[in-house]
Amino acid sequence: MARLLQVIIFLIFSLHAAAQGTQFITGPCTSDADCASACCGFNSGKCAGPVVAQERDGGCGRGNAQPNNDAALALTGGAPMSAQANAPPAASQAANVGNGSAPSKGSQFITGTCEKDADCASACCGFNSGKCAGPAVAQERDGGCGRGNSQPNDNALKALQRRVVVW
């Protein structure tokens, strides 16, 4: 009986550990470690693209005392966020709204069309689909990131993994 209890406890802990970091964008979360994007929106408690969360959700880090930008820095290589992110579009850009023009560099959200990783806020343009994706999800469902390159890559996922500590 004690052996059976040990096995059950082991399975419960294994399932809990395996589920960490698997929540997709817009799914509920309580910390950055819950999300495949390594970013739990500070205000919303929903997984978000790290760069987008800085602009729309007060940053990442739900459950912490203060928001953070750790995942965004990992994706951008430590480069600061563009000061133009909240600026109104120029007249030439405003005229292109709705005519299929490409979004500004690094601003496309998950499932938006892209030609290369740099187009996406998640730094991952699905290799097969040409749509922005979460780095971990793209590895499983889209052949990886790197649309427009000769081979897929996992650069954005590696950047996130270097910055995320899972307890």
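All residue numbers for the sequence shown refer to my numbering, where the first residue is 192 and numbers rise by one. Ideal placement from N, C-alpha and C gives every residue a C-beta, glycine not left out.
Check                                                                                                                   : Outcome
Pair within 9 Å by beta-carbon distance, Cys231 and Gly254                                                              : yes
Supposed close pair Asp333, Ser320 - CB separation, criterion 8 Å                                                       : 5 Å
Residues of its chain near Gly303, where Cβ-Cβ distance is below 6 Å and the 5 sequence neighbours each way are ignored : Cys323
Opening and closing residue of the alpha helix (DSSP H) in which Thr267 lies                                            : Asp261 to Thr267
Collapsed DSSP secondary structure at Asn346 in the structure displayed                                                 : helix
Residues bridged to Lys307 (per DSSP)                                                                                   : DSSP lists no partner for Lys307.
Cβ-based neighbour list, Thr213, same chain, cut-off 7 Å, excluding 5 preceding and 5 following                         : Ala227
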